[in-house]
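K.L.:
Protein chains: 4
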Amino acid sequence: MRVGVLTGGGDCPGLNAVIRGIVRKGVQEYGYEFTGFRDGWRGPLDDDTLRLDIPAVRGILPRGGTILGSSRTNPLKSEDGVRRIRETLAAHGVDALIVIGGEDTLGVAAQLSDTHGIPCVGVPKTIDNDLSATDYTFGFDTAVGIATEAIDRLHTTAESHMRVLVCEVMGRHAGWIALHSGLAGGANVILIPEQRFDVDQVCAWVTSRFKASYAPIVVVAEGAMPKDGDLVLKDGTLDSFGHVRLSGVGEWLAKEIERRTGKEARTTVLGHVQRGGTPSAFDRWLATRFGLHAIEAVRDGDYGTMVALRGTDIVRVPISEATAQLKTVRPELYDEAGVFFG
Amino acid sequence: MRVGVLTGGGDCPGLNAVIRGIVRKGVQEYGYEFTGFRDGWRGPLDDDTLRLDIPAVRGILPRGGTILGSSRTNPLKSEDGVRRIRETLAAHGVDALIVIGGEDTLGVAAQLSDTHGIPCVGVPKTIDNDLSATDYTFGFDTAVGIATEAIDRLHTTAESHMRVLVCEVMGRHAGWIALHSGLAGGANVILIPEQRFDVDQVCAWVTSRFKASYAPIVVVAEGAMPKDGDLVLKDGTLDSFGHVRLSGVGEWLAKEIERRTGKEARTTVLGHVQRGGTPSAFDRWLATRFGLHAIEAVRDGDYGTMVALRGTDIVRVPISEATAQLKTVRPELYDEAGVFFG
Amino acid sequence: MRVGVLTGGGDCPGLNAVIRGIVRKGVQEYGYEFTGFRDGWRGPLDDDTLRLDIPAVRGILPRGGTILGSSRTNPLKSEDGVRRIRETLAAHGVDALIVIGGEDTLGVAAQLSDTHGIPCVGVPKTIDNDLSATDYTFGFDTAVGIATEAIDRLHTTAESHMRVLVCEVMGRHAGWIALHSGLAGGANVILIPEQRFDVDQVCAWVTSRFKASYAPIVVVAEGAMPKDGDLVLKDGTLDSFGHVRLSGVGEWLAKEIERRTGKEARTTVLGHVQRGGTPSAFDRWLATRFGLHAIEAVRDGDYGTMVALRGTDIVRVPISEATAQLKTVRPELYDEAGVFFG
Amino acid sequence: MRVGVLTGGGDCPGLNAVIRGIVRKGVQEYGYEFTGFRDGWRGPLDDDTLRLDIPAVRGILPRGGTILGSSRTNPLKSEDGVRRIRETLAAHGVDALIVIGGEDTLGVAAQLSDTHGIPCVGVPKTIDNDLSATDYTFGFDTAVGIATEAIDRLHTTAESHMRVLVCEVMGRHAGWIALHSGLAGGANVILIPEQRFDVDQVCAWVTSRFKASYAPIVVVAEGAMPKDGDLVLKDGTLDSFGHVRLSGVGEWLAKEIERRTGKEARTTVLGHVQRGGTPSAFDRWLATRFGLHAIEAVRDGDYGTMVALRGTDIVRVPISEATAQLKTVRPELYDEAGVFFG
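Top to bottom, those sequences are chains C, D, Y and Z.
Taking the working numbering, the leading residue of the first sequence gets 1, the next gets one more, and so forth.
Taking the working numbering, the leading residue of the second sequence gets 1001, the next gets one more, and so forth.
Taking the working numbering, the leading residue of the third sequence gets 2001, the next gets one more, and so forth.
Taking the working numbering, the leading residue of the fourth sequence gets 3001, the next gets one more, and so forth.
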């Protein structure tokens, strides 16, 4: 039995731990051999492989990034993509593919598996934690930890200078990182993409915090949007969302707060720091277990499935179920955090 | 409505976050007032209280320990304990009690609530994560993180000197910290209290690691025990388990490994470092949510219950259910980790 | 003897450690009493004081910020500033003043001491480490540590996606933080305010790094400037330096690199995260010793002096010597780092 | 020109940074070639080498340990040691040797260089910071940082349970780690090998701390010794110093404190955790600069010298000067810290 492995999409701490888990168990318990494909779907598309055995996975558990490289290549966008993948797998004698990735990467795996009969097992990966069907994805805990540490540090500066400090964290479509790090860091306002925010309400919270002689920390997800559409159009800065992240919502919001409350406001944009570096213990544990269970699914011939965390158990779900819709922050969970606003 | 709060048992990062969550929500959303009791059950027993309001919980979220103090006092061991508690609660007009603690502390709460009609709501606390009925307890993730960081550091020393490094972590009756930190830290042997270990097997793993030109890390829970009973008696050092933790199983095992394999072995005992200091982001989030849901249970008059984590939800369970039996590491979970041994 | 203490200028980890050192030694060894002035020079100007005794300094050693508050108020800019300060000191019976601050705050202390006979002792404070007469200032090591950790994390993202990652760190006029964190983090390009950079040279280094199959990290001080003046004018973004920090040199440089090399480039601006939070062990040690020696200088009546670090010794120097000129990165030190560029 | 490099003695974070600095500058600026010797002096003795070029030093800057391995082998103890080293160097065409190590390893280098004409340049290495002629050695700052973090964590446990917590840190002959981490961590008692301690005095400090309603942290260097010789003999545990580190002075002292004050006391022994793992930013900067200057000394033919830190400058001193005597904590420096005792 020979198993191919690839990692697609954005960087995420824990990818190497998954790979190590797969290879250690596959080789030692099942006697499988492995082929690594480089840079996500580009690997099987272009027949770009690398050796993947026990020595190759030594020492990679605590290291961020992915030894396989990654890309956002979508093989279904090229006409002969499926054929080329099939040829590469055949050429290397690869019997099954373990695909570690997010919505896009897994979406391809689902289609290859369900429609084209290419045997795939999925491992969910999104630092934003916005994949359905799994309680958590690895990388998320690390990102929340880094953001929380940053918020901890911002508190003292806010207090010493009685300034508003806006901290922009990751989360284009889901506010999980903002919600968790905002709660853990003791933020006074948390803004998420799921609910458009009212700048005047934000300013009211900011002002009430100053009245209590404390300085506010505002945590805002990069994808959060103000309610007031006109304002956005008039201002224009917000048009560039996604393109010029650093002059994004955090910067814009700080200026609005300054303008409306007369208080000094500063922005910190954590950016890529949140997704690199050594994974947290939780993420190493989760990623390792995902790896162990993914290779078990291969052994069971349980293709088209994805490993997922439910409580403390690793289960298998259809890949398609996981990619069907985004897991966003439920309103009641956001409301729960509201007691700390202001 | 006036609510009493107490924290009992061992120190655990996140206790202050629970207290803050309770008070913030209780005061701001329900208009409740609070009485803090000092040092666990000693507080209501001796009528020792402290002010507990919004200013009292400011800034405590990231701080380890507990502003209420803690003790292992068991009021059911003194004949008039229940009466004295009842009197103290009456004297302060306390209508309900939120009890944050482990098996012992919650056991008292269950009995007071179920048998004596004193309205209690429980919040589970054990750094060892060995309480049933909840997926995780706060403090555990922090402890695992600290232990993992230590194991990360030990790796380089082990490799540079080709020595065995034994790392003794917390866990008297359950091996959760050893299992999670051992997996996350890439340990080569993990020993837990749930399964007696065979010293010769440990030595075989150690030796096989050296054969591959690497140096082994052995993670051992403080409550782990060797299979060979005679050996323990003969040696005698192990008799003192529980009493003299620092000359415990880690030290003993290192000596046995040296004696049987001829390789140098050193021990690190992490001790109290694992349970102090700032809580991890996960633990702050969990503890905060436990606090918010505990006060909600009080508002609902849902006494005799305890808040618990199930997946990503906070639910309520009978306190008695949680304290009925220890949550230990299931054999199949330990076996899963076995692929990394040796 | 009564001693006043104030902290002026920007936030800096270690300020509380200085205050604690002063008060502990002043009270316990010399029997002095203390008056804290709020918000830098604004305190003595507006007669805004706070209690400063042993209980007030308990537990503040590991905490960032300053319990005295800070401001950039310059009393010499108001006509009756000196008179008002003199009156406040007299009203409280303050015999001497310990002034903890940077160039501006200490400049006032020098003038008050030298020209107006108000007895001041200085403690140097600048997170940028750009004060002459002292080897290091506290806060700098913490900032370098935070920046280095961030650079560590950026490496894995850079490698996984083969992108240029630009990391903008503090340093308006001196490149110490960029130089130290860049060296410690293994940056491939370090740009400092002391030497205008050639964008084409930066691009050449970036390209050569990719040729070796690695992805480059560019560390740039916020005050670094490109050589090519025309370019700056044409682009226009750079005009806003100092005003709109987040759309500063880092962002500008990333765009230029993308445009000229065709490689994807992303920017991270660490901002205020670098100056908040708990001080490093080195900074706590240095700040504590500065405090102990400052109160010793008061006891010796050695006014007009400032404590300073020379090697491992704390010495005293005239305040005016320290503020006379900025301590910038010497060319040969920058050249030394050049071996790691590209 | 071909240069040999070896690392001897105990593990120390920063060793890899030195090696990288040497090789990067040697290859890129001077066109030198390198030979790595394995396991300290054992390498040249047994002709055990490894490839040392630019690829070999990639990515090692943040990694603890040493890619060259280490040992305590003393070649001067074997009769033909010098001859065998000379032969190995000749066989590989090695023109000069850079020796990275502590007192013992450098002592050999001094003798080889001064007596036997084997051209050596030294780089000082001791985690204990006890080498003369240099302000600091790399690794020390990392160890102090780890110990300080541990002490930070112990504070909350001490306070929550009103217990004495004894923290044993490294330092057999010099108390630098205890002094720096004790000061930085806010310890209430610091005990160092340079001054025998009076257990009754320690107990008096402990008791006075409890009287102020706080719980004490006692930081003790592993080599610290009580004044009372009889006591030590009577107790007997202390005989095993150096052999059974974990049942060392920390454990002994905790028991004595319990016995004499009636207060609960617990010990944490940090052990090898202090010397492994990623170096601090300061240590990476210092180690890198040591490497750059060591290869410069080779280029200058300045043999028999060692690089050293003086203030912020790297200078050269005779190796023999550095190894002539131990750098211990001066009494006045220890007295300075005394204000925080009790």
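All C-beta atoms, glycine included, are put in the ideal place defined by N, C-alpha and C.
Remember, it's a predicted structure, so these values are computed and weren't measured experimentally.
1. Answer yes or no: does any C-beta atom of chain C fall closer than 8 Å to that of D:Gly1145?
2. Could you please tell me which residues of the segment 2156-2182 of chain Y, in chain order, have their CB closer than 7 Å to any CB of chain Z?
3. Using the beta-carbon count (16 or more within 10 Å), is Z:Arg3058 buried or exposed?
4. Determine whether the Cβ of Z:Thr3323 lies closer than 8 Å to any Cβ atom of chain Y.
5. Just to make sure I have the definition right: I need the residues of chain D whose C-beta is within less than 8 Å of the C-beta of C:Leu292. Which are they?
6. Which residue from Z:Gly3277, Z:Ile3100, Z:Ala3090, Z:Pro3062 puts its Cα closest to that of Z:Gly3291?
7. Quick check on C:Leu52: does DSSP put it in helix, strand or coil?
8. Any contact of the segment 155-167 of chain C with the segment 2059-2074 of chain Y, i.e. 3+ C-beta pairs under 8 Å?
9. Which partner residues of Y:Leu2131 appear in the DSSP bridge assignment?
10. Please report the residue range of the beta strand (DSSP E) in which Z:Cys3203 lies.
11. Report back the beta-carbon spacing between C:Leu6 and C:Trp41 to the nearest angstrom; my notes put them in contact at under 8 Å.
12. According to DSSP, simplified to helix, strand and coil, what is D:Pro1062?
13. Would DSSP call Z:Arg3084 helix, strand or coil?
14. Using C-beta distances below 8 Å, list every residue in its chain close to Y:Phe2034, excluding the 5 sequence neighbours before and after it, in chain order.
15. Ends of the beta strand (DSSP E) at Y:Gly2122?
16. Measuring CB to CB, does Y:Ile2319 end up less than 8 Å from Y:Thr2305?
17. Closest to Z:Pro3013 by CA distance: which of Z:Thr3126, Z:Phe3037, Z:Ser3181, Z:Gly3175 is it?
18. Check the Cβ of C:Pro62 against every Cβ in chain D and list those closer than 9 Å, keeping chain order.
19. Would a check of beta-carbon distances place D:Arg1284 closer than 8 Å to chain C?
20. Which of the three DSSP states, helix, strand or coil, is assigned to Y:Ala2110?
21. On the DSSP bridge assignment, give the partners of Y:Ala2091 in chain order.
22. Of all the options D:Gly1093, D:Ala1212, D:Val1123, which has the alpha carbon lying nearest to the alpha carbon of D:Asp1104?
23. Which word fits C:Ser280, buried or exposed, when buried means at least 16 other C-beta atoms lie within 10 angstroms of its C-beta?
24. Report the partner residues of Y:Val2169 according to the DSSP bridge assignment.
25. Looking at C:Arg202: is its Cβ nearer than 8 Å to the Cβ of C:Ala224?
26. Leaving out the 5 sequence neighbours to the left and right, which residues in its chain are closer than 7 Å to D:Val1108 when beta-carbon positions are compared?
27. CA-CA distance, Y:Ala2297 and Y:Tyr2303?
28. Helix, strand or coil for Z:Ile3067 per DSSP?
29. Got a sec: is the Cβ-Cβ distance from C:Gly65 to anything in chain Y below 8 Å?
30. My guess is that D:Val1018 and D:Ile1146 are in contact by the Cβ rule of under 8 Å, so how many angstroms apart are they, rounded?
31. Going by the C-beta, is Z:Thr3035 closer than 7 Å to any heavy atom of the ligand ATP?
32. Which one or two residues does DSSP pair with D:Gly1101 in a beta bridge?
33. State the beta-bridge partners of Z:Phe3034 as determined by DSSP.
34. Closer than 8 Å between beta carbons: that is the criterion. Which residues of the segment 1196-1222 of chain D meet it against chain Z?
35. Do Z:Leu3183 and Z:Val3218 have their beta-carbon atoms positioned less than 8 Å apart in this structure?
36. Give every residue of the same chain whose Cβ lies closer than 7 Å to the Cβ of Z:Gly3081, excluding the five residues on either side of it in the sequence, and list them in chain order.
P.N.:
Here's the rundown:
1. For the purposes of this step, residue 1145 of chain D is taken as the residue at position 145 of the second sequence. Cβ-Cβ to chain C under 8 Å: yes for D:Gly1145.
2. His2180, Ser2181
3. Here residue 3058 of chain Z is taken as the residue at index 58 of the fourth sequence, counted from 1. Exposed, since its Cβ has fewer than 16 Cβ neighbours within 10 Å.
4. On the fourth sequence, residue 3323 of chain Z is found 323 positions in, with the first residue counted as 1. By this cut-off, Z:Thr3323 is not an interface position.
5. Here residue 292 of chain C corresponds to residue number 292 of the first sequence, with the count starting at 1. Near C:Leu292 (Cβ distances below 8 Å), the residues of chain D are Glu1336, Val1339.
6. Along the fourth sequence, read from residue 1 onward, the residue named residue 3291 of chain Z stands at position 291. Nearest C-alpha to Z:Gly3291: Z:Ile3100.
7. Indexing the first sequence from 1 puts residue 52 of chain C at position 52. Note: C:Leu52 maps to coil in three-state DSSP.
8. yes
9. Here residue 2131 of chain Y corresponds to residue number 131 of the third sequence, with the count starting at 1. Per DSSP, Y:Leu2326.
10. Residue 3203 of chain Z sits at position 203 when you count from the first residue of the fourth sequence. Note, Z:Cys3203: premise wrong, no beta strand (DSSP E); alpha helix (DSSP H) at 3199-3211.
11. What you label residue 6 of chain C is simply residue 6 of the first sequence in a count that begins at 1. What you label residue 41 of chain C is simply residue 41 of the first sequence in a count that begins at 1. So it is a contact: roughly 7 Å between Cβ atoms.
12. The count along the second sequence starts at 1 and reaches residue 1062 of chain D at position 62. D:Pro1062: coil per DSSP, three-state reduction.
13. Here residue 3084 of chain Z corresponds to residue number 84 of the fourth sequence, with the count starting at 1. Three-state DSSP puts Z:Arg3084 in a helix.
14. Taking the first residue of the third sequence as 1, we reach residue 2034 of chain Y at position 34. So the list reads Arg2002, Val2003, Gly2004, Val2005, Ile2022, Val2023, Gly2026, Val2027, Leu2052, Asp2053, once near-sequence residues are dropped.
15. Working through the third sequence from its first residue, we reach residue 2122 of chain Y at position 122. Here the beta strand (DSSP E) through Y:Gly2122 covers 2120-2124.
16. The count along the third sequence starts at 1 and reaches residue 2319 of chain Y at position 319. The count along the third sequence starts at 1 and reaches residue 2305 of chain Y at position 305. For Y:Ile2319 and Y:Thr2305, yes; Cβs fall inside 8 Å.
17. Start at 1 with the first residue of the fourth sequence, and residue 3013 of chain Z comes out as number 13. Considering only alpha carbons, the answer is Z:Thr3126.
18. Sequence index remark: in the first sequence, residue 62 of chain C carries index 62 (1-based). Thr1148, Asp1152, His1155, Ala1184, Gly1185, Gly1186, listed in chain order.
19. For the purposes of this step, residue 1284 of chain D is taken as the residue at position 284 of the second sequence. Yes, D:Arg1284 counts as interfacial toward chain C.
20. As a working note, residue 2110 of chain Y is residue 110 in the third sequence. Three-state DSSP puts Y:Ala2110 in a helix.
21. For this step, residue 2091 of chain Y is matched to residue 91 along the third sequence. DSSP lists no partner for Y:Ala2091.
22. Mapped onto the second sequence, residue 1104 of chain D falls at position 104. Of D:Gly1093, D:Ala1212, D:Val1123, the residue nearest in Cα terms is D:Val1123.
23. Within the first sequence, the letter at position 280 stands for residue 280 of chain C. So C:Ser280 counts as buried.
24. For the purposes of this step, residue 2169 of chain Y is taken as the residue at position 169 of the third sequence. Beta-bridge pairing links Y:Val2169 to Y:Ala2221.
25. If you number the first sequence from 1, residue 202 of chain C lands on position 202. If you number the first sequence from 1, residue 224 of chain C lands on position 224. Correcting the residue type first, residue 202 of chain C is Val in the shown sequence and not Arg. Contact: no.
26. The residue you call residue 1108 of chain D lines up with position 108 of the second sequence. Once the five neighbours on either side are set aside, the close Cβ partners of D:Val1108 are Trp1041, Asn1074, Pro1075, Leu1076.
27. Your numbering for residue 2297 of chain Y matches position 297 in the third sequence. Your numbering for residue 2303 of chain Y matches position 303 in the third sequence. Near 7 Å, if we compare the C-alpha coordinates of Y:Tyr2303 and Y:Ala2297.
28. Counting from one through the fourth sequence, the residue named residue 3067 of chain Z turns up at place 67. Coil at Z:Ile3067, not helix or strand.
29. For the purposes of this step, residue 65 of chain C is identified with residue 65 of the first sequence, where counting begins at 1. Chain Y, which has a Cβ nearer than 8 Å to the Cβ of C:Gly65, makes this yes.
30. Locating residue 1018 of chain D in the second sequence gives position 18, counting from the first residue. Locating residue 1146 of chain D in the second sequence gives position 146, counting from the first residue. Not quite, the Cβ-Cβ distance comes to about 20 Å (not below 8 Å), so this is no contact.
31. Among the ligands in the structure shown, none appear at all, so the ligand ATP cannot be discussed.
32. In the second sequence, residue 1101 of chain D corresponds to position 101, counting from 1. D:Pro1124, per the DSSP bridge assignment.
33. Here residue 3034 of chain Z corresponds to residue number 34 of the fourth sequence, with the count starting at 1. DSSP output for Z:Phe3034 lists Z:Val3003 as bridge partner(s).
34. none
35. As a working mapping, residue 3218 of chain Z is identified with position 218 in the fourth sequence. As a working mapping, residue 3183 of chain Z is identified with position 183 in the fourth sequence. Their beta carbons are not under 8 Å apart, which means Z:Val3218 does not touch Z:Leu3183 by this criterion.
36. Counting from 1 along the fourth sequence, the entry for residue 3081 of chain Z is found at position 81. Correct list, in chain order: Leu3045, Pro3075.
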